[in-house]
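S.K.:
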């Protein structure tokens, strides 16, 4: 029994660790979409799920795959009440942008890293705005969209500390592709 | 991130190509456009599942919000008291006037034999969640299908209409607010009974659309629901007209951000029944023939009662007219 555990435990742990980025993305969706506001709905909630998508798209793209970004976007669509597919497509588009310029984004540090994430968030939210504009054939007000972008960028710094901690504790030690 | 940059891994080989996922996302948008209720069942189920936790979390949050609001109220309690006294005196005058007018209205309705307004049933629901997102403004209620809530029903607070239900689970409902970009409510503007459409655009004051070109609308006019379409009862107070640079908007009476309990109005026009046909024999004052008794045995031909006479079948010309189908 002990021999069997030794043989299979690392593989099982690797499998679980591979699911951590997707799980964090889904958890970000759930937290951001709890319909409770501490500021009376004055500002929209941040797109918390974009932080793990961005982070692991740079650090472990083998774990945060396009399909995982798609799944996170679908859950964002379901829980946010947006028209179906809006956040799915915008998350995948942001993923595509980051994946294309991966080396450039990964080389950023400090304020540059925040601006890099802001660029990805801007791409995602702008894509959602355009899709909704075509969807309803009218331009929604820009104010709430800009506020959501600001909230998302403001949430990046604390959220990325949490994500980096999870990465080092759960994902990082098990990686083998570096 | 030891040197300030992320240590990155090689991309794996066994993953769905990005192009295919992008195509799938585009397909999802197109399917969602064709079937906007694609995720509604999942949304309702998730909200039903979260409802007990939301109810528990809301209670202390509401208390905290009231406490924070009360701090500001302390500093203007004197002015508020004076304002309320003045408003109360004015409302008492209006109450007396409305009682007199209501009695006169009932009298006129009786004289004219007017059709009475349909009865309204209301479900009192508590707000257990609010969401103010760039593309959706909604609130979540703790009343669902088991309480009689149905999609399309109007939602009111103590001041006026807030919105309509657009998604109902078993124990929860989602309200589409009048300010939401999806909201369209037919309204009537008094005086003049000008018909228009109240269109939400995610701003605080929805705009008035589809106004006829030759009508006169001015700031301060009262806006109520018109009842067109039969989903929302007519006469629900909504707000007052405010002039915009380009057109007109409506300052809403209801405050969706602060409402804690709302009413879901179960409005259904009474079903119109076809009057019972009067046979010529009855119209002539003759006694109508009682209908034949139903057969006592479910299968087989009915047995004739003892002593009953067998009635020969009626001739074809005396039978009921056939369906108006012409033979070739």
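Residue numbers (our numbering), protein chains in the order written: chain A, 990 to 1167; chain B, 123 to 450.
C-beta: ideal position from N, C-alpha, C; glycine also.
(1) Out of B:342, B:170, B:213 and B:283, which has the shortest C-alpha to C-alpha gap to residue 452 of chain B?
(2) So, is residue 370 of chain B buried or exposed, given that buried needs 16 or more other C-beta atoms within 10 angstroms?
(3) Assuming contact is defined by CB atoms lying nearer than 7 Å, are residue 1142 of chain A and residue 1107 of chain A in contact in what I supplied?
(4) Using a Cβ cut-off of 8 Å, pull out every chain A residue sitting near residue 153 of chain B, in sequence order please.
(5) I need the straight-line Cα distance from residue 286 of chain B to residue 1131 of chain A, nearest angstrom please.
(6) I'd like to know if residue 328 of chain B contacts chain A, where contact means its C-beta is closer than 7 Å to some C-beta of that chain.
(7) Quick check on DSSP: helix, strand or coil for residue 1161 of chain A?
(8) Hey, quick one: how far does the beta strand (DSSP E) through residue 370 of chain B stretch, first residue to last?
(9) Look at the alpha carbon of residue 217 of chain B and the alpha carbon of residue 208 of chain B, and state the distance between them as a whole number of angstroms.
(10) Is it true that the segment 138-148 of chain B meets the segment 1045-1062 of chain A, where meeting means three or more beta-carbon pairs spaced less than 8 Å apart?
(11) Between the C-alpha atoms of residue 1025 of chain A and residue 1124 of chain A, what's the straight-line distance to the nearest angstrom?
(12) In terms of residues, what are the limits of the beta strand (DSSP E) holding residue 296 of chain B?
(13) Please compile the residues from chain A whose C-beta is within a distance smaller than 8 Å of the C-beta of residue 161 of chain B.
(14) What's the gap between the Cα of residue 225 of chain B and the Cα of residue 192 of chain B?
(15) Hey, how far is the Cα of residue 164 of chain B from the Cα of residue 1023 of chain A?
(16) Indicate whether the contact test is met: 3 or more Cβ pairs, each with one atom in the segment 270-289 of chain B and one in the segment 1098-1115 of chain A, closer than 8 Å.
(17) If the cut is a Cβ gap below 7 Å, which residues of chain B does residue 1059 of chain A touch?
(18) Please compile the residues from chain A whose C-beta is within a distance smaller than 7 Å of the C-beta of residue 367 of chain B.
(19) Three or more beta-carbon pairs under 8 Å between the segment 1142-1162 of chain A and the segment 270-287 of chain B, yes or no?
(20) Taking the alpha carbon of residue 118 of chain B as the point to measure from, which residue in B:327, B:311, B:331 and B:313 has its own alpha carbon closest?
(21) Taking only beta-carbon atoms, is residue 1093 of chain A less than 7 Å away from chain B?
(22) With a threshold of 7 Å between beta-carbons, can residue 197 of chain B be considered close to chain A, or not?
(23) Return yes when the Cβ of residue 1067 of chain A is within less than 7 Å of the Cβ of residue 1077 of chain A, no when it is not.
(24) For residue 1097 of chain A, collect the residues of the same chain with a Cβ closer than 8 Å to its Cβ; drop the 5 residues on either side in sequence, then sort them by chain order.
(25) Which chain A residues sit within Cβ distance under 7 Å of residue 345 of chain B?
(26) For the segment 379-391 of chain B against the segment 271-279 of chain B, are there 3 or more C-beta pairs whose distance is under 8 Å?
(27) Could you tell me whether any Cβ in chain A is nearer than 7 Å to the Cβ of residue 324 of chain B?
(28) Going by CA-CA distance only, name the one from A:1034, A:1071 and A:1010 that's closest to residue 158 of chain B.
(29) Of the residues B:244, B:252, B:243 and B:195, which one's Cα is nearest the Cα of residue 176 of chain B?
(30) Is any beta-carbon of chain A found at less than 7 Å from that of residue 242 of chain B?
(31) Find the residues of chain B that neighbour residue 1077 of chain A, judging by a C-beta separation of less than 7 Å, and give them in chain order.
(32) Can you name the start and end residues of the beta strand (DSSP E) that residue 344 of chain B belongs to?
(33) Taking its Cβ as the centre, do 16 or more other Cβ atoms sit within 10 Å of residue 429 of chain B, making it buried, or is it exposed?
(34) Give me the Cβ distance between residue 161 of chain B and residue 1121 of chain A, rounded to the nearest whole Å; I'm assuming they're in contact under 8 Å.
(35) Would you call residue 228 of chain B buried or exposed, if buried means 16 or more other Cβ atoms sit within 10 Å of its Cβ?
(36) Thinking residue 1137 of chain A and residue 1035 of chain A are a contact (beta carbons under 8 Å), I'd like their distance in whole angstroms, please.
M.R.: Quick look at the numbers:
(1) Any answer about residue 452 of chain B is impossible in this case: the structure gives chain B only from 123 up to 450.
(2) For the purposes of this step, residue 370 of chain B is taken as the residue at position 248 of the second chain. Buried, because 16 or more other Cβ atoms sit within 10 Å of the Cβ of residue 370 of chain B.
(3) Taking the first chain and counting its residues from 1, one reaches residue 1142 of chain A at position 153. Taking the first chain and counting its residues from 1, one reaches residue 1107 of chain A at position 118. In this structure, residue 1107 of chain A lies closer than 7 Å to residue 1142 of chain A by Cβ.
(4) Residue numbering aside, residue 153 of chain B sits at position 31 when the second chain is read from its first letter. By Cβ distance, chain A contributes 1073 and 1074.
(5) What you label residue 286 of chain B is simply residue 164 of the second chain in a count that begins at 1. What you label residue 1131 of chain A is simply residue 142 of the first chain in a count that begins at 1. Going by the C-alpha atoms only, they are around 25 Å apart.
(6) Against the second chain, residue 328 of chain B aligns to sequence position 206. Closer than 7 Å: no.
(7) For the purposes of this step, residue 1161 of chain A is identified with residue 172 of the first chain, where counting begins at 1. Residue 1161 of chain A: helix per DSSP, three-state reduction.
(8) The residue labelled residue 370 of chain B in the question sits at position 248 within the second chain. Its beta strand (DSSP E) spans residues 370-374.
(9) As a position in the second chain, residue 217 of chain B is number 95, starting the count at 1. As a position in the second chain, residue 208 of chain B is number 86, starting the count at 1. So the alpha carbons of these two residues sit roughly 14 Å apart.
(10) yes
(11) If you number the first chain from 1, residue 1025 of chain A lands on position 36. If you number the first chain from 1, residue 1124 of chain A lands on position 135. Computed Cα separation, rounded: 27 Å.
(12) Against the second chain, residue 296 of chain B aligns to sequence position 174. Here the beta strand (DSSP E) through residue 296 of chain B covers 295-299.
(13) Stepping through the second chain from its first residue, residue 161 of chain B is reached at position 39. In chain order: 1066, 1067 and 1073.
(14) As a working mapping, residue 225 of chain B is identified with position 103 in the second chain. As a working mapping, residue 192 of chain B is identified with position 70 in the second chain. So the alpha carbons of these two residues sit roughly 41 Å apart.
(15) Along the second chain, one-based indexing puts residue 164 of chain B at 42. Along the first chain, one-based indexing puts residue 1023 of chain A at 34. So the alpha carbons of these two residues sit roughly 15 Å apart.
(16) no
(17) For this step, residue 1059 of chain A is matched to residue 70 along the first chain. Result: 143, 146 and 147.
(18) Position 245 of the second chain, counting from 1, holds the residue named residue 367 of chain B. None at all; the shortest Cβ gap to chain A is about 15 Å.
(19) no
(20) No answer is possible for residue 118 of chain B: the residues shown for chain B start at 123 and end at 450.
(21) Locating residue 1093 of chain A in the first chain gives position 104, counting from the first residue. No, residue 1093 of chain A does not count as interfacial toward chain B.
(22) Looking up residue 197 of chain B in the second chain gives position 75. No, residue 197 of chain B does not count as interfacial toward chain A.
(23) The count along the first chain starts at 1 and reaches residue 1077 of chain A at position 88. The count along the first chain starts at 1 and reaches residue 1067 of chain A at position 78. No, the pair does not count as a contact, with Cβ atoms beyond the cut-off.
(24) On the first chain, residue 1097 of chain A is found 108 positions in, with the first residue counted as 1. Excluding positions up to five away in sequence, the list reads 1104 and 1105.
(25) Within the second chain, residue 345 of chain B is the residue found at index 223, counting from 1. None at all; the shortest Cβ gap to chain A is about 21 Å.
(26) yes
(27) Numbered from 1 along the second chain, position 202 holds the residue referred to as residue 324 of chain B. By this cut-off, residue 324 of chain B is an interface position.
(28) Within the second chain, numbered from 1, the residue matching residue 158 of chain B stands at position 36. Out of A:1034, A:1071 and A:1010, A:1071 has the C-alpha closest to the C-alpha of residue 158 of chain B.
(29) Your numbering for residue 176 of chain B matches position 54 in the second chain. The shortest C-alpha separation from residue 176 of chain B is found at B:252.
(30) Position 120 of the second chain, counted from the first residue, corresponds to residue 242 of chain B. With 7 Å as the cut-off, residue 242 of chain B does not count as an interface residue toward chain A.
(31) As a first step, residue 1077 of chain A must be located in the first chain, where it is residue number 88. Chain B residues near residue 1077 of chain A: 147 and 150.
(32) One-based indexing of the second chain puts residue 344 of chain B at position 222. It spans 344-347 - the beta strand (DSSP E) in which residue 344 of chain B sits, taken as one unbroken run.
(33) Residue numbering aside, residue 429 of chain B sits at position 307 when the second chain is read from its first letter. With a pLDDT of 41 at residue 429 of chain B, under the threshold of 50, the modelled position of this residue cannot be trusted; read the value that follows with caution. Classification for residue 429 of chain B: exposed.
(34) Position 39 of the second chain, counting from 1, holds the residue named residue 161 of chain B. Position 132 of the first chain, counting from 1, holds the residue named residue 1121 of chain A. Residue 161 of chain B to residue 1121 of chain A, Cβ: 15 Å. No contact.
(35) The residue given as residue 228 of chain B occupies position 106 in the second chain. Exposed, since its Cβ has fewer than 16 Cβ neighbours within 10 Å.
(36) For the purposes of this step, residue 1137 of chain A is taken as residue 148 along the first chain, with counting starting at 1. For the purposes of this step, residue 1035 of chain A is taken as residue 46 along the first chain, with counting starting at 1. About 7 Å; that satisfies the 8 Å criterion.
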